[in-house]
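Asker:
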Amino acid sequence: MSESNTDRPIEQPEGEIKIETRGLNLFYDAFRALTDINVAIPARQITALIGPSGCGKSSFLRCLNRMNDLIDDARVEGDVLLDGGSIYEDDTDVAQLRKRVGMVFQTPNPFPMSIYDNVAYGPRLHGFGGRDSLGEVVEKSLRGAALWDEVKDNLRKSALDLSGGQQQRLSIARVLAVGPDVLLMDEPCSALDPTATFRIEELMLELMERYTIVIVTHNMYQASRVSQHTGFFLLGELIEYGSTVGIFENPKDQRTDDYVRGRFG
């Protein structure tokens, strides 16, 4: 039942492909963190990345908007295509890339400023000049993150006074404010209680109508609830990738079957 990723063609999802990786390898100095990752991620769907700790999921996620560039000894081989164009060309504007491919981190990270200024920070940094006023962008982003009704009367309140779940939705609003195409989420619910987790999962399903979402999660139930496609990583390899239903109900690789049934990890 087991076969290597390099021996088996990766399933190509139907419809528009937003991101594609080709022979993607990642090294941290001499350590090889990712090995020959070939995957096609569909547009306006949720793709979940699962696997045990240290298997390369978050490292892969950071390759999709070149966050690994910030690590001195990191080196990427192969390519990542966004809408068919390489993001690793020498002339790539990395700031614009990260505007298009936003990241929501594991721990909510509001800036020590007001709710309003947190959301307005990105548009101001990128030289806001849209047709809408900055206030309209802030409202639209907070509505998009399902937070507006809770904070609309306290926009000048410190973001640090919000609950953990509210801070995570504020982090999402901050990403939405710069008009991304893709949302990368690195275990966005790991620090949240079940109620806040449910709110974030509902929000992801709403955002999927407009954005391509890639989420790293250790929560098997979360992956099965919110995603349409799932990739299973192990020791830096993408062992299996396909529809979430297929991965959880009829995996093709014994290692995938063992992991999703809790036999290891």
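Take 13 as the starting number for the sequence shown in the numbering used here and just add one per residue.
We put the CB at the ideal spot given by N, CA and C, even for glycine.
#1: Which stretch, first to last residue, makes up the alpha helix (DSSP H) that contains alanine 235?
#2: Would you kindly check if the distance between the Cβ of lysine 30 and the Cβ of isoleucine 2 is under 8 Å?
#3: Only counting the same chain, and skipping five residues up and downstream in sequence, which positions put a Cβ closer than 7 Å to that of leucine 159?
#4: For glutamate 32, report the span of its beta strand (DSSP E) as first-last.
#5: According to DSSP, is alanine 158 helix, strand or coil?
#6: Mapping DSSP to helix, strand and coil, what is threonine 229?
#7: Taking only the alpha-carbon atoms, compute the straight-line gap between isoleucine 259 and arginine 168 and give it to the nearest angstrom.
#8: Going by DSSP, what residues sit across from tyrosine 253 in a beta bridge?
#9: According to the Cβ coordinates, are serine 153 and valine 131 closer than 8 Å?
#10: Can you list, in chain order, the residues of its chain with a C-beta nearer than 7 Å to that of leucine 172? Leave out the 5 residues immediately preceding and following it.
#11: To which residues of the same chain is serine 14 closer than 7 Å at the C-beta, ignoring the five residues directly before and after it?
#12: Starting from phenylalanine 43 and walking both ways along the beta strand (DSSP E), at which residues does that stretch end?
#13: Going along the chain, which residues of its own chain have a beta-carbon closer than 6 Å to the beta-carbon of valine 194, five neighbours each way excluded?
#14: Reducing DSSP to helix, strand and coil, say where alanine 189 ends up.
#15: Rounded to the nearest angstrom, what separates glycine 176 and phenylalanine 276 at their Cα positions?
Answerer: This is what the structure holds:
#1: It spans 232-238 - the alpha helix (DSSP H) in which alanine 235 sits, taken as one unbroken run.
#2: With the chain running from 13 to 277 in the structure shown, residue 2 is simply not present.
#3: Within the same chain, leucine 159 has close Cβ partners Gln178, Arg181, Leu182 and Ala185.
#4: Counted as a single uninterrupted DSSP element, the beta strand (DSSP E) harbouring glutamate 32 occupies residues 29-40.
#5: It is coil, neither helix nor strand.
#6: Threonine 229: coil per DSSP, three-state reduction.
#7: Approximately 45 Å, taken between the alpha carbons.
#8: Answer by DSSP bridge pairing, in chain order: Gly243.
#9: Contact: yes.
#10: Hits under 7 Å: Pro122 and Pro124.
#11: For serine 14, the pLDDT reaches just 41, beneath the cut-off of 50, and the residue's location in the model is therefore unreliable, leaving the point undetermined.
#12: Taken as a continuous stretch (DSSP letters only), the beta strand (DSSP E) holding phenylalanine 43 covers 43-54.
#13: The answer, listed in chain order, is Val113 and Thr224.
#14: Coil, per DSSP.
#15: Straight across, the Cα-Cα distance linking glycine 176 with phenylalanine 276 is about 30 Å.
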